[in-house]
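Participant: If you're matching positions, the sequence shown starts at 1 in the UniProt record's numbering and goes up one per residue.
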Amino acid sequence: MYYDHNQIESKWQQYWAKNETYKTDAKSTKPKYYVLDMFPYPSGAGLHVGHPLGYIASDIVSRYKRHQGFSVLHPIGYDSFGLPAEQYAIQTGQHPAITTEENINRYEKQLKRIGFSFDWSRQFRTSDASYYKFTQWIFIELFHSWYNNDTDKAEAIDTLIKHLSEKGTEGLNAVQTEKIEFTAAEWNAKSEKEQQEILLNYRLAFRAETTVNWCPGLGTVLANDEVINGKSERGGFPVYQKKMMQWSMRITAYSERLLQGLKTLDWPQPLKDAQEYWIGKSQGAEVNFGLENSDVQIKVFTTRPDTIFGSTFMVLAPESPLVQEIVTTEQKDEVQDYIEQTSLKSERDRMADVKTVSGAFTGVYAINPFTGKKMPVYISDYVLMGYGTGAVMAVPAHDERDHRFAKKFGLEITEVVEGGENVQEDPFIAKDGICINSDFLNGLKYEEAKAKAIAEVVSRGLGNATTNYRQRDAIFSRQRYWGEPVPVYYKDDVPYTLPASALPLELPEVEKYLPTEDGDPPLGNAKDYGWDEANQKIVATDLIDNKTIFPLELSTMPGWAGSSWYFLRYMDAHNDSYFADKEMTDYWGQVDLYIGGSEHATGHLLYSRFWNKFLKDRNYIEQEEPFQKLINQGMILGMSAFVFRIDGTNQFVSKNLAKDYATQKIHVDVSLLKGATDELDTEAFKSWRPEFKDAEFILEDGDKYVTEREVEKMSKSKFNVVNPDDICDEYGADCLRLYEMFLGPLEQSKPWNTQGLSGVYGFLKRLWNLYFNANDELEVTDEEPTKEEYRVLHTLIQKVLFDIENFSFNTSVSSFMIAVNELTKLKTNKRQILEPLAVIISPYAPHITEEIWSLLGNKESIEYAPFPVFNSQYLELDEIEYPVSFNGKMRFKAALSANLTPKEVEEAVLKLDKTIEILNGAIPKKIIVVPKKIVNFVI
């Protein structure tokens, strides 16, 4: 019977939608399993065949777990706020909500076409007010919380206020921006404004002056990962370092817990390593260096206090507040010029540039507290304000950058020596890790010397032992429109949060999406954006009088705000009064399987873990970590095509002739190639883009233009994308699903080859034909299968069970092909074989198996049919075919009963005519029988 994939797939997609086949029960007595895909951002380009890879894998696991009797939560939604939609709005004047809606509709249509078993009833978007109402609520909870180091968790700000009013800062062990001390009497004497300003020093969501990546072209602050080589990733606009008042999240309070929590997670080690590096735990000492002829001290964090004797100069971050305080009049202009140069570089660029050496002298000298020597103080962009104290003691004999800096500026370098006659006046740690010249460190190995040096720093009153983290507090403000409004208003320039009853603070309509003329973010254009404190409602902006009606915060939240807790919302997606009912979060707990790209190794995953830990601290959820197992899927790579344009002309030379010309290599759309060849359709190329309409070609073999092909990332910009809609039209969604899994291990990147689809499509047709006779009639009998048929089935069951549990989906597809081929040869038409076969294959190819299941007379969906149980008895053989070898060379095979003992095998083989013939009267020196494996005669 003809396999009509289009008709079958359309039929079952409509059935699943109408019957809500994949809707998850609100409450269940079944064991739970939560499968999640990383939150998709719906771009205007739609899906290409690389995007569904992780979704197909998660869908297979979801369907398999349903077959096993689990209540499966497999949801979908959209991360719909963000800069791309806003930039499009600026360019076209079209509201971001409109383009976002169009993009989501396209995505959703494509996802449904591929047959994913998402619970569409739980769908939401981060730009829905009903969703960001609770993002705003979490922000308010963070604002009204502080981190108590004694209990090692976040607590309500009321407990801090109580402590301050009763004891001041005495006995307070809190995470804070800067160390401050005062008595209870002093606290109680302060005005409300003064108290609120002090509390910002402790709040987990706080407002402070911060150095940011400011992009005037986009009118917003950018995260480090949105800046490439000093320019915005989107648009390529210049980015500057600038100090601004910004909202931040005190993620640094959780650094140690974020680090330790990694030990409990089943994540790829490279991903864990990336988070460990980002958090960047270092143990050492903070040491105070006094300045010559000054009361000012420079505090330095060092992991190697044992090398302090070799420190010959100091370097400050250009943005350090100390710079303006200490710089001499003579050096002020040079220092200011250097600070302005540095402002053009992002922190990421400064960290990545390990070779460039630059800096400026401040004109002042610090004193080495151990040697008494004068140390010139410089500024340089290789020192970052956010790490440690923003100052380093340079030890040029031990640090490569310090060494290059010292060479460039002619500064002293204490030479490394191994001890003995050449010991110099200044001691240091030798290459082999042994301290060789110090009254109190001499002869100690590295760890011993470090510990003793820290103790000496403390005993001399020069500083203290400390643990430092590279991770910095996360900037939470964005000066743009298309994002969650921050639920804050300002009274006497002090921030206050809106009451929960006023949420959501909805994103107001504005006419222009660029910042206002006075530099305010786009929300400064809103006509109704004032807060009436007395009546607790939003009113016209013109009514703001700073007496009863106050201005609202004009910045919006960053893109990561909504994606930091979305996995919790799926548990109770339509609860209007709470982000998720406790009963629901208790039941679903952690995400059991999370699949997504490795590009989210730090940002999204760290922020999600941080918010999750915070919500646990405040007793809103029970689990410490959000995602128990995580898999990073690899990429599906595209086969790009290139043409060669002769420099300065509109002539294009074929690939194998290009070496004779000076050419520019240009991407060309792969759809312009002739069929499955590398030959360019030159007429189609000339029609492709206006600048090529008069193109001329230098051809090979007189009549063809051959392109160069290269495997690289599939991307619209490289013109190598393959639209899954086209594949579904020609081969069907089931074929697409099977082929993407068949390409190779999930975690690896692999090239796409459309020609490979035909082999998988052929398999689906063979599977389909198993159920029909030569007259195209369904023919499935209730006869008892043969043992060989059972063997094929249970071999497949065993393999697929192992593969799915180990996420080895590619080998399952191979096993399907083998099993169907074997059953075809056996002319199997037994229900007890063909019915479970459909269930086994259904997680991978749900449409064709649903149709088969229905044709077999089943009234319910195949989705909840029990997964076949593996029975090892069917793999036990009645006979074993033993290879029989003589002196290690196999001469023939002997079929013997599987129940024979080794001695009985030996006796049986000795009686065989072939054995007698080969031995020819010789008596074997030894007969080796490996049970059920081999027989070997040594003669």
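Cβ atoms here follow ideal geometry from the backbone N, Cα and C, with glycine treated the same way. Remember, it's a predicted structure, so these values are computed and weren't measured experimentally.
Exposed or buried, what is Arg-460 when buried is set at 16 or more other beta-carbons lying within 10 Å of its beta-carbon?
Facilitator: With fewer than 16 Cβ atoms within 10 Å of its Cβ, Arg-460 is classed as exposed.
Participant: Determine whether the beta carbon atoms of Leu-896 and Val-905 lie at a separation below 8 Å.
Facilitator: Yes; because the gap between Cβ atoms is below 8 Å, this pair is in contact.
Participant: What separation, rounded to the nearest whole angstrom, lies between the Cα atoms of Tyr-338 and Gly-562?
Facilitator: Rounded to whole angstroms, Tyr-338 to Gly-562 spans 38 Å at the Cα level.
Participant: Just to check my reading of the structure: Glu-740 and Ile-636 have Cβ atoms closer than 8 Å, yes? What is that Cβ distance to the nearest angstrom?
Facilitator: Their Cβ separation, rounded to whole angstroms, is 7 Å, which keeps Glu-740 and Ile-636 in contact under 8 Å.
Participant: Counting C-beta neighbours from all protein chains within 10 Å, is the total for Asn-936 16 or more, i.e. buried, or is it exposed?
Facilitator: That one is buried.
Participant: With DSSP run on the structure shown, which of helix, strand or coil describes Arg-125?
Facilitator: Here Arg-125 sits in strand by DSSP.
Participant: Check Ile-436 in the structure and name its three-state DSSP category.
Facilitator: Only weak support exists for where Ile-436 lies, its pLDDT of 44 falling under 50; the value from the coordinates is given anyway. Three-state DSSP puts Ile-436 in coil, outside helix and strand.
Participant: Just curious, the beta strand (DSSP E) that Phe-206 is in, first and last residue?
Facilitator: Its beta strand (DSSP E) spans residues 205-215.
Participant: Could you tell me the boundaries of the beta strand (DSSP E) in which Trp-531 lies?
Facilitator: It spans 530-532 - the beta strand (DSSP E) in which Trp-531 sits, taken as one unbroken run.
Participant: When burial is assigned at 16 or more other CB atoms within 10 Å of the CB, is Ile-475 buried or exposed?
Facilitator: Burial call: buried.
Participant: Note the first and the last residue of the continuous alpha helix (DSSP H) segment covering Gly-54.
Facilitator: Per DSSP, Gly-54 belongs to the alpha helix (DSSP H) from 52-67.
Participant: Three or more C-beta pairs under 8 Å: does that hold for the stretch 743-758 against the stretch 137-154?
Facilitator: As far as the Cβ criterion goes, the stretch 743-758 does not touch the stretch 137-154, which means the pair count is below three.
Participant: Can you list, in chain order, the residues of its chain whose CB lies under 6 Å from that of Val-813, leaving out five sequence neighbours each side?
Facilitator: Within the same chain, Val-813 has close Cβ partners Leu-738, Met-741 and Phe-742.
Participant: Let me make sure I understand the geometry here. Which of Ser-564, Val-800 and Val-909 has the alpha-carbon closest to that of Val-869?
Facilitator: Minimum Cα distance to Val-869 is reached at Val-800.
Participant: Do you know offhand how far Phe-652's Cα is from Phe-627's?
Facilitator: Going by the C-alpha atoms only, they are around 52 Å apart.
Participant: Pull up the distance between the alpha-carbon of Gln-324 and that of Val-458, whole angstroms please.
Facilitator: Cα to Cα, Gln-324 sits roughly 29 Å from Val-458.
Participant: Start and end of the alpha helix (DSSP H) containing Tyr-489?
Facilitator: Note, Tyr-489: premise wrong, no alpha helix (DSSP H); beta strand (DSSP E) at 488-491.
Participant: With three or more beta-carbon pairs closer than 8 Å as the criterion, would you say the stretch 250-264 touches the stretch 276-284?
Facilitator: The stretch 250-264 vs the stretch 276-284: in contact.
Participant: For Ser-654 and Leu-672, I'd like the C-alpha separation in whole angstroms.
Facilitator: Each residue's Cα considered, the two are about 15 Å apart.
Participant: Grouping DSSP H, G and I as helix and E and B as strand, with all else coil, what is Lys-537?
Facilitator: Three-state result, Lys-537: strand.
Participant: Using a threshold of 8 Å, state whether the C-beta atoms of Ile-157 and Ser-145 are closer than that.
Facilitator: Cβ distance < 8 Å, so Ile-157 and Ser-145 count as in contact.
Participant: Cβ atoms of Arg-63 and Glu-863: under 8 Å apart, would you say?
Facilitator: The answer is yes: Cβ separation under 8 Å.
Participant: Hey, would you say Trp-482 sits closer than 8 Å to Pro-52, going by beta carbons?
Facilitator: The answer is no: Cβ separation not under 8 Å.
Participant: Assuming Leu-630 contacts Leu-271 under a Cβ cut-off of 8 Å, what Cβ separation, rounded to an integer in Å, is found between them?
Facilitator: Right, the Cβ-Cβ distance comes to about 7 Å (below 8 Å), so this counts as a contact.
Participant: I need the DSSP call for Ala-154, collapsed to helix, strand or coil.
Facilitator: If DSSP states are grouped into helix, strand and coil, Ala-154 belongs with the strands.
Participant: First and last residue of the beta strand (DSSP E) that includes Leu-738?
Facilitator: Careful: Leu-738 lies outside any beta strand (DSSP E), inside the alpha helix (DSSP H) at 733-742.
Participant: CA-CA distance, Leu-826 and Glu-9?
Facilitator: Straight-line Cα distance between these residues: approximately 29 Å.
Participant: For Gly-638 versus Glu-712, is the C-beta distance shorter than 8 Å?
Facilitator: Yes, they are a contact pair.
Participant: Could you pull out every unbroken beta strand (DSSP E) segment of at least 3 residues lying fully inside the stretch 825-901, listed in chain order?
Facilitator: The qualifying runs are 879-886 and 889-897.
Participant: From Asn-422 to Leu-444, what does the alpha carbon distance come to, in whole angstroms?
Facilitator: In this prediction, Asn-422 has a pLDDT of 35, which is less than 50 and means its spatial position is unreliable; what the coordinates show is noted afterwards. Distance between the alpha carbons of Asn-422 and Leu-444 is about 19 Å.
Participant: For the stretch 206-220 and the stretch 231-243, state whether three or more C-beta atom pairs, one from each stretch, are separated by less than 8 Å.
Facilitator: A contact exists between the stretch 206-220 and the stretch 231-243.
Participant: Closer than 8 Å by C-beta to Ile-454: which residues in its own chain qualify, once you throw out the five before and the five after it? Chain order, please.
Facilitator: The answer, listed in chain order, is Gly-284, Ala-285, Pro-305 and Ala-465.
Participant: Whose C-beta lies closer than 7 Å to the C-beta of Glu-625 among residues of the same chain, with five residues either side of it excluded?
Facilitator: So the list reads Gly-261, Thr-264, Leu-265, Gln-590, Arg-609 and Asn-612, once near-sequence residues are dropped.
Participant: Under three-state DSSP, which class holds Val-354?
Facilitator: DSSP places Val-354 in coil when its eight states are reduced to three.
Participant: Just to confirm my understanding: we take Val-820, look at its own chain, exclude 5 residues before and 5 after, and list those with CB closer than 6 Å. What are they?
Facilitator: Cβ within range, chain order: Arg-766 and Leu-767.
Participant: If I follow the unbroken beta strand (DSSP E) through Gln-664, where does it start and stop?
Facilitator: From DSSP, the beta strand (DSSP E) with Gln-664 extends over 663-668.
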